[in-house]
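The structure appears right after this line, and notes come after that.
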Amino acid sequence: MDSALLKKLFGPSGQWHGACVIMVDADTTIKTMGPDSIGAGGSKTYSPRIPSGRVQAEAVCYHADHHALFAVQIARTKQSTGEDILVKTLSILDINHIVGVEFEGLALLEHLGMDLPPVPDQPRYGPGTLVG
């Protein structure tokens, strides 16, 4: 991804920004489709694991001097005692391997000097779409 665009999105080096999803050209995370379980006789059943190139970051910082994007992930896990703990992970991503960034909402478009896209007044259904 272009470093000039990352600078526009995340500002000058060293400033932390809110949550976003960073898409990289590698399988960087593993998503589970459900909980693992212990069956009869103590046999373990593992839920399917799916590799993904999407990094769900709680905070992001672009550092132009190092050509890197720093991403902090926070995962909540439960201990056997029932206590919740937060596991914080810092990932340092090379900007040459970032293929996209996903933000919630459209507020960033105005920051980039772009108009908001038009929203249709009524839903449009394509040919062959079943409605009802």
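So for the sequence shown, the working numbering puts the first residue at 58; every next one is plus one.
Virtual Cβ for every residue (Gly too), placed ideally from N, Cα, C.
Query, Result
"Coarse secondary structure for HIS124, derived from DSSP in three states", "coil"
"Check whether ALA125 and ASP151 have beta carbons under 8 Å apart", "yes"
"Residue closest to ALA114, alpha-carbon to alpha-carbon, out of THR102, GLN130 and ARG106", "GLN130"
"From PRO174, PRO184 and ALA164, residue whose alpha carbon lies closest to that of GLY75", "ALA164"
"C-beta contact flag for ALA121 and TRP73 at 8 Å", "no"
"Contact set for GLY157: own chain, Cβ-Cβ below 6 Å, skip 5 residues either direction", "MET80"
"Chain-order list of residues whose beta-carbon lies under 7 Å from that of VAL188 (same chain, five-residue window excluded)", "TYR182"
"For ASP93 and LEU166, the rounded distance between their alpha carbons", "41 Å"
"Beta-carbon proximity check, CYS77 vs GLU140, cutoff 8 Å", "no"
"Cβ neighbour criterion (16 or more within 10 Å) applied to ILE149", "exposed"
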